[in-house]
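Here the structure comes first, spelled out in structure tokens, and everything after it is commentary.
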Amino acid sequence: MTAAPVLSPRQILDRLVKFPTVSRDTNLPLVDWVEEYLDSHGIHAHRHYNEDRSKAALFAHVGPWEEGAVVLSGHTDVVPVDGQHWTSDPWTVTERDGRLYGRGTCDMKGFDALAIWALVEAQRRGVKRPLQIALSYDEEVGCTGAPPMIAAMQGVVPKGAAAIIGEPSTMKVINGHKGGTGFHVHVKGFEVHSSLLPYGVSAIMEGARLIQWANDRNAWIQSQPRAAQALAFDPPFTTLHVGMISGGTAHNITAADCRFALEMRVVPGEDLESHAQAFISEVARLDAAMKAVRPEAGIHLDRFFGVPALMPEPEGEAEAICRRLTGDNGTGVVSYGTEAGQFQEAGYSAAICGPGDIAQAHQADEWLSLAEFEAGHRFMQRLLDELSR
1 MTAAPVLSPR
11 QILDRLVKFP
21 TVSRDTNLPL
31 VDWVEEYLDS
41 HGIHAHRHYN
51 EDRSKAALFA
61 HVGPWEEGAV
71 VLSGHTDVVP
81 VDGQHWTSDP
91 WTVTERDGRL
101 YGRGTCDMKG
111 FDALAIWALV
121 EAQRRGVKRP
131 LQIALSYDEE
141 VGCTGAPPMI
151 AAMQGVVPKG
161 AAAIIGEPST
171 MKVINGHKGG
181 TGFHVHVKGF
191 EVHSSLLPYG
201 VSAIMEGARL
211 IQWANDRNAW
221 IQSQPRAAQA
231 LAFDPPFTTL
241 HVGMISGGTA
251 HNITAADCRF
261 ALEMRVVPGE
271 DLESHAQAFI
281 SEVARLDAAM
291 KAVRPEAGIH
301 LDRFFGVPAL
311 MPEPEGEAEA
321 ICRRLTGDNG
331 TGVVSYGTEA
341 GQFQEAGYSA
351 AICGPGDIAQ
361 AHQADEWLSL
371 AEFEAGHRFM
381 QRLLDELSR
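Each residue of the sequence shown is one higher than the one before, counting from 1 in the UniProt record's numbering.
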């Protein structure tokens, strides 16, 4: 019987990028390929589907069937290329000038390829400490795919101990990030001619009150003393932001609808829910005032993501592993959110360490340097050596 071919990290990356796993679309062809590849090397992978079964997370365990695995965590989805000008095919890895161009090479199929390679190599070596892989969906739309995946892993594979989330960090160790949540806001007004303004409800003008509330909340937050845990961040405080708004029919009609999204980036140590509830309370107050004018008016909220902060762990194992393998003794935090906080919330030690620079993520001509990819490969080789002792 012919042994299944063992692909290099670069060969795996080439395959992964060919799957256009934009978050709005399915990732199942990629999951099919990864599952079949792992199975060809005697590794049984498990799926967890989303509600309509259009997407799936994939996880697997190799090594002794016991708790305490190191978990390599990545996401399979990527952002769209719509409206971007690419100089090469975004769905084909193109190498030039020491860079690997393609959608997702940096964020984060480069790490995914390395993790898949490491899992197969761990199986081939027969490691003494187990290794797991966990590939999620819908990270790019609010980290919504990881929590059900993590829950599905419990009792199906032995509980892991240290989760390494391979978001692009230039192979530096990140041990903290902000938490976040967001709301889609639909303000429903009541149309009248603008000359009769008091008898209608302008959704845009009422929505503006909520946006001004966010401005006032930002000012209040920045006036407060800085907590020690916040000082490492840039900016060193929680922020609220509205990036897009739409609504209205004409300049002389009170707007029937106004829609916008509000996001919050919350520093570790602060209660994310207290910020969210403050906004919800303001919405309720304004909703009541609008209904007092026209009962048909009101505000609907749809909370579309919630990501816990990653808290630095005193003597955390995931951080310690990453520092041993990279030699990085610096302290690193980021203001964006990742699935690391969700693994930590589920009882894993968690840290971020992966190849690539986040500045290249989501851009036209997204790229991952060969040097970073090779550094990630060396990281995995050292990890395997450590797991084999």
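Virtual Cβ for every residue (Gly too), placed ideally from N, Cα, C.
Nearest to glycine 102 by alpha-carbon distance, out of Phe260, Gln381 and Gly356, is Gly356. When rounded, the separation of the alpha-carbon atoms in alanine 162 and valine 81 is 34 Å.
In the DSSP secondary-structure assignment, glutamine 154 is bridged to Val157. Taking all protein chains in view, the Cβ of valine 156 is surrounded by fewer than 16 other Cβ atoms within 10 Å, so the residue is classified as exposed. Within 10 angstroms of the beta-carbon of aspartate 77 lie 16 or more other beta-carbons, which makes it buried. Cβ-Cβ distances below 7 Å link alanine 113 to Pro9, Ile12, Leu13 and Leu16 in the same chain, with the five nearest sequence neighbours on each side left out; the list follows chain order. In the three-state scheme derived from DSSP, where H, G and I count as helix and E and B as strand, aspartate 82 is classed as coil.
Rounded to the nearest angstrom, the Cβ distance from alanine 318 to serine 349 is 4 Å, consistent with a contact under 8 Å. Contact between aspartate 234 and serine 136 does not hold, since the beta-carbon distance rounds to 27 Å and is not under 8 Å. The criterion of a C-beta distance shorter than 9 Å is not satisfied by phenylalanine 237 and leucine 262.
If the five residues before and after arginine 209 are omitted, its C-beta is found closer than 8 Å to the C-beta atoms of Leu286, all from its own chain and listed in chain order. Within the same chain, and ignoring the five residues on either side of arginine 303 in sequence, the residues whose Cβ sits closer than 6 Å to its Cβ are Phe183.
In the same chain as arginine 382, and ignoring 5 residues on each side of it, the C-beta atoms closer than 6 Å to its own belong to Leu325, in chain order. Check the Cα spacing between glycine 330 and each of Met264, Ala232, Gln360 and Lys188: the tightest is with Ala232.
Per DSSP, reduced to three states, the secondary structure at lysine 55 is coil, with no helix or strand assignment. Nearest in C-alpha terms to isoleucine 174, of all of Ser194, Ile321, Ile299 and Leu196, is Ile321. Listed in chain order, the non-local C-beta contacts of glutamate 140 below 6 Å within the same chain comprise Ser23, Asp77 and Val79, local neighbours out to five positions each way being set aside.
Counting only runs that start and end inside the UniProt domain "Peptidase M20 dimerisation" (175-285), the alpha helix (DSSP H) elements of at least 4 residues fall at 203-223.
The bridge partners DSSP lists for leucine 114 come to none.
The region 102-111 and the region 362-381 touch, with three or more beta-carbon pairs separated by less than 8 Å. For glycine 341, no beta strand (DSSP E) segment is defined; the enclosing uninterrupted segment is the alpha helix (DSSP H) at 340-345. The beta-carbon separation of proline 29 and lysine 128, rounded to 35 Å, does not stay under the 8 Å limit for a contact. Here the alpha carbon of leucine 131 sits roughly 12 Å from the alpha carbon of isoleucine 43. Look at the beta carbons and you see the region 186-200 touching the region 247-262: at least three pairs across the two are nearer than 8 Å.
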